[in-house]
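First residue of the sequence shown: 131, per my numbering; consecutive thereafter.
Ideal Cβ placement from N, Cα and C applies to all residues, glycine included.
Keep in mind it's a predicted model, so treat the numbers as computed, not measured.
A short write-up of the structure that comes next.
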Amino acid sequence: ELEVLDVLARHKVNVSKYQERLEEVTLKWADIKMLTPTAKDSVAPIQASEGERIKSDIDVFLKKVQEFRVTFAKKPFFSFPTGYTASFPVIDQTNQEVAALEKEASDLQDLANMFEFPEMMQPVNELVEESREELILCKDVWDTSMLVEVQFSDWRKTLWADIKTDMMEDNTKQYVKEVKGLPKKIRQADCYLGTDASVKNFLTSIPL
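Encoded structure:
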């Protein structure tokens, strides 16, 4: 910028006021650059302290999620004798609990990203995501269980003379396929095993 003003001055252009302004700005910028390290030094301890506080919050939250996982594994909707009628309200309540954990995890992730230690949230996120996945899988199992049990109940009320065994057998075989089509991850859960056994037992009980 100073070089440009020199060229203009040589061509008889009055640049004195611009030169004064530029020199003033240049001096101020030099002062700012001198102050910046000092400002950083004063902020650094505060930033470090806040970073440690956030790390502590993440550790506390991890323990909270680990405790939740223990309770989650004992939820009655994992057990087939609970039945779909009693399972759905518990699933709804648990959904709210998981949603609250997801919100808290998201907020902590934002802070961890800001303070440049995002990897600290990985164990927490994995546990929260696993809870969400398993809850969805259990809901799928109970949706399927409700579908087949309502149909079986209706068929059991059918008079012997009105039973259409071919139709009943074909539909039940379709239910067997639907249950078998549920994700492998849920197939060791009691709710799945009970639903699977219920469908297969009904199929074998259909009169020939």
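Taking buried to mean at least 16 other C-beta atoms within 10 Å of its own C-beta, is residue i buried or exposed?
i, result
"V195", "buried"
"A229", "exposed"
"I316", "buried"
"E264", "buried"
"A235", "buried"
"E131", "In this prediction, E131 scores a pLDDT of 44, lower than 50, which makes its location untrustworthy; no coordinate-derived value is stated."
"T201", "exposed"
"T334", "exposed"
"I188", "buried"
"V261", "The question names Val, but residue 261 in the sequence shown is Ser. S261 should be labelled buried."
"A203", "exposed"
"A319", "buried"
Following the continuous alpha helix (DSSP H) through residue i, name the residue where it begins and the one where it ends.
i, result
"R317", "No alpha helix (DSSP H) holds R317; DSSP gives it neither H nor E."
"E279", "Q252 to R286"
Is residue i helix, strand or coil by DSSP?
i, result
"T215", "helix"
"K294", "coil"
"G181", "helix"
"S335", "helix"
"S209", "coil"
"F245", "coil"
"L98", "Residue 98 lies beyond the range of the chain shown here (131 to 338); nothing can be said about it."
"L135", "Model confidence at L135 stands at a pLDDT of 39, short of 50, so the residue's coordinates are unreliable and nothing is read from them."
"G324", "helix"
"K75", "With the chain covering only 131 through 338, there is no way to say anything about residue 75."
"K204", "coil"
"L109", "With the chain running from 131 to 338 in the structure shown, residue 109 is simply not present."
"R199", "helix"
"L312", "coil"
"V329", "helix"
Taking the alpha carbon of residue i as the reference point, which residue from the options has its own alpha carbon closest?
i, options, result
"K330", "K314, Q318, A319 and N301", "N301"
"V258", "F282, E246 and Q226", "Q226"
"S179", "K205, T334, M297 and F245", "F245"
"V309", "F282, V278 and S335", "V278"
"Q281", "E299, Q177 and I188", "E299"
"K314", "F207, P175, D189 and C268", "C268"
"F207", "E182, D222, E197 and F198", "D222"
"I336", "K294, A319, G311 and Q318", "K294"
"L312", "M297, I266 and A291", "I266"
"S328", "D292, S283 and A291", "S283"
contact_flag[the region 199 to 215, the region 307 to 324] where n(CB pairs < 8 Å) is 3 or more: Contact holds: three or more Cβ-Cβ distances are below 8 Å.
Taking contact to mean 3 or more Cβ pairs, one atom from each stretch, closer than 8 Å, check whether the region 299 to 307 and the region 231 to 243 are in contact. Verdict: no, contact absent.
Spell out a yes or no on whether the region 215 to 234 and the region 263 to 275 are touching, meaning 3 or more CB-CB pairs, one atom from each, closer than 8 Å. Between the region 215 to 234 and the region 263 to 275, the count of C-beta pairs closer than 8 Å reaches three or more; the two stretches touch.
contact_flag[the region 281 to 292, the region 246 to 253] where n(CB pairs < 8 Å) is 3 or more: Verdict: no, contact absent.
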